[in-house]
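One structure is given below, encoded as structure tokens.
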Amino acid sequence: MLELKNIDVFYDNIQALKEVNLTVGEGEMVTLIGANGAGKSTTLRAISGLNKPKKGEIKFKGRVISSLKASDIVRMGISHVPEGRRIFANMTVMENLEMGAYIRGDRGNLKRDYDEVFSLFPRLKERKNQIAGTLSGGEQQMLAIGRALMAKPKYLLLDEPSMGLAPLIVKEIFSILENINKLGTTILLVEQNANMALNVTDRAYIIKNGKIELEGRSKDLLKDEKVKKAYLE
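Per the UniProt record's numbering, residue 1 is the first one in the sequence shown, and the count goes up by one each step.
As structure tokens, this is what we get:
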């Protein structure tokens, strides 16, 4: 289980997260939704070790990880797909995937894992020798997810995977995320597309001004009048 307990995060003197409490159980697909600047990305960055909490603790499978380096957190089984994809634009698709597997010691299993990524994203296989910066936005998002999967994560953190993509591509990406979850990877999804996120996840948290304002089963929050008015209309 991934657990955040009373997490405070600051950027200089500005408090971005205020006593955030959140859990993601093994096998779940959970979403964190909210407006721009609400603290969604900061929450993911805190989990992955990029922003250290000033207060509180983050536990993964019973171990406190709040003070660990980001590279050590990846080795423990948490991969982060950042907002804006941030692929290596001047490298090929295959080279990007190889970078995702950089920390792994079991190099003998890489071919099997490339095949798994290509089964999820057939378009990446077709373009495996193509320079990543020449891919479409949707293909770049697929590559960013595929690169993260090459680290063989137990938990996958996704930051705004639908950003800037056409509706049909968004639908395809979310369908693939559901498949990844069914194959055994736990997912924490940050999304502004609240309707789509609530329709594919088990549970949801709503964050506002750095604080968790509401939590519950996704299907229940879809019917909540406050949620509808603020995020679904």
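From the three backbone atoms N, C-alpha and C, an ideal C-beta is built for every residue, glycine too.
Query, Result
"Quick one: any contact between the segment 98 to 113 and the segment 184 to 193, if contact means 3 or more CB pairs under 8 Å?", "no"
"Using three-state DSSP, classify Asn21 as helix, strand or coil.", "strand"
"Residues in its own chain within less than 6 Å of Leu222 by CB, not counting five upstream and five downstream?", "Leu198"
"In this structure, how does DSSP classify Phe118 when only helix, strand and coil are distinguished?", "helix"
"Once DSSP output is grouped into helix, strand and coil, what is the label at Arg72?", "Just to set this straight, residue 72 is Asp in the shown sequence, not Arg. In this structure, Asp72 counts as helix in the three-state DSSP scheme."
"DSSP three-state call for Gln141: helix, strand or coil?", "helix"
"Do the CB positions of residue 238 and Tyr205 come within less than 7 Å of each other?", "The first residue shown for the chain is 1 and the last is 233, placing residue 238 beyond what the model contains."
"Around the C-beta of Gly100, are 16 or more other C-beta atoms found within 10 angstroms, so that it is buried, or is it exposed?", "buried"
"In its own chain, which residues sit with a C-beta less than 7 Å from the C-beta of Phe174, not counting the 5 before and 5 after it?", "Met196 and Val200"
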